[in-house]
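Residue 100 in the working numbering sits at position 100 of the sequence shown, and the numbers go up by one each step.
Backbone N, C-alpha and C fix where the C-beta goes; we use that ideal spot for every residue, glycine too.
No experiment lies behind these values; they were computed from the predicted model shown.
Notes for the one structure printed next.
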Amino acid sequence: SLEKGYETQVGRAGLEMTEEQKIKLSIARAVLLNPTILLLDEVTGGLDFEAETIVQEALDLLMLGRSTIIIARRLSLIKNADYIAVMEEGQLVEMGTHDELITLGGLYAELLKCEEATK
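So this is what it looks like as structure tokens:
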């Protein structure tokens with residue numbers, strides 16, 4: 001339980017928390033705000049794959065019924081997206097669903113293969 005609830009500051013000037021705890025708190029704050037559009041930028045960047053799985057489950061629920069834009073290096077976070085845009089050096093190089101991009105066999109498929117090999 002946090003002293004000031006969801007208003008508790010975290011980080012340098014506030015409560016010290018693990019990366020996983022900070023992300024979970026941020027997700028909880030987003031749920032309370034109930035936005036129609038949600039922007040997630042590298043939300044699982046500092047997590048290991050096990051913690052990412054836990055956060056992914058929470059995000060799947062949070063994204064229901066709203067437009068969500070996810071910026072991610074870990075492709076496991078975006079596999080379930082309705083539509084994926086793949087950028088390379090600031091340029092759009094591929095667009096489609098996960099299955100379409102795998103079938104295409106381009107950059108997305110290559111990056112996903114590399115990611116899965118490192119798990």
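query: Hey, Leu107 and Val86: beta-carbon distance below 7 Å or not?
result: Position 107 of the sequence shown, counting from 1, holds the residue named residue 107. Position 86 of the sequence shown, counting from 1, holds the residue named residue 86. Contact flag set, yes.
- prompt: Is the distance from the Cβ of Thr44 to the Cβ of Leu77 below 7 Å?
  reply: Numbered from its first residue, the sequence shown carries residue 44 at position 44. Numbered from its first residue, the sequence shown carries residue 77 at position 77. Between Thr44 and Leu77, the CB-CB gap stays under 7 Å.
- prompt: Nearest to Lys22 by CA position, among Thr36, Glu52, Ile70 and Pro35, is which residue?
  reply: Start at 1 with the first residue of the sequence shown, and residue 22 comes out as number 22. Comparing Cα-Cα distances from Lys22 to each of Thr36, Glu52, Ile70 and Pro35, the minimum goes to Glu52.
query: Name the DSSP beta bridge partners of Gln91, please?
result: Residue mapping note: residue 91 aligns to position 91 of the sequence shown, counting from 1. In the DSSP output, where bridge partners are listed per residue, Gln91 has Glu88.
- prompt: Rounded to a whole number of angstroms, what is the C-alpha to C-alpha distance between Gly5 and Arg29?
  reply: Counted from its first residue, the sequence shown places residue 5 at position 5. Counted from its first residue, the sequence shown places residue 29 at position 29. Using only the alpha carbons, I get a separation of about 10 Å.
- prompt: At which residues does the alpha helix (DSSP H) containing Ser26 begin and terminate?
  reply: Indexing the sequence shown from 1 puts residue 26 at position 26. Per DSSP, Ser26 belongs to the alpha helix (DSSP H) from Glu19 to Leu33.
task: Rank Leu64, Glu3 and Glu57 by C-alpha distance to the C-alpha of Ser24 and give the top, closest one.
output: For the purposes of this step, residue 24 is taken as the residue at position 24 of the sequence shown. It is Lys, not Ser, that sits at residue 24 in the sequence shown. Measuring from the Cα of Lys24, the nearest candidate turns out to be Glu57.
- request: Could you please give the first and the last residue of the uninterrupted beta strand (DSSP E) stretch that includes Ile70?
  value: The sequence position of residue 70 within the sequence shown is 70, counting from 1. Where Ile70 is concerned, the enclosing beta strand (DSSP E) stretches over Ser67 to Ile71.
task: Put Ile78 into one of helix, strand or coil per three-state DSSP.
output: Counted from its first residue, the sequence shown places residue 78 at position 78. Correct three-state label for Ile78: coil.
- request: Within 10 angstroms of the Cβ of Val93, are there 16 or more other Cβ atoms? Answer buried if so, exposed if not.
  value: In the sequence shown, counting from the first residue as 1, residue 93 sits at position 93. Under the 10 Å beta carbon count, Val93 is surrounded by fewer than 16 other beta carbons and is classified as exposed.
field: Element boundaries [beta strand (DSSP E), containing Leu64]
entry: Counting from one through the sequence shown, the residue named residue 64 turns up at place 64. DSSP places Leu64 in no beta strand (DSSP E); its state is neither H nor E.
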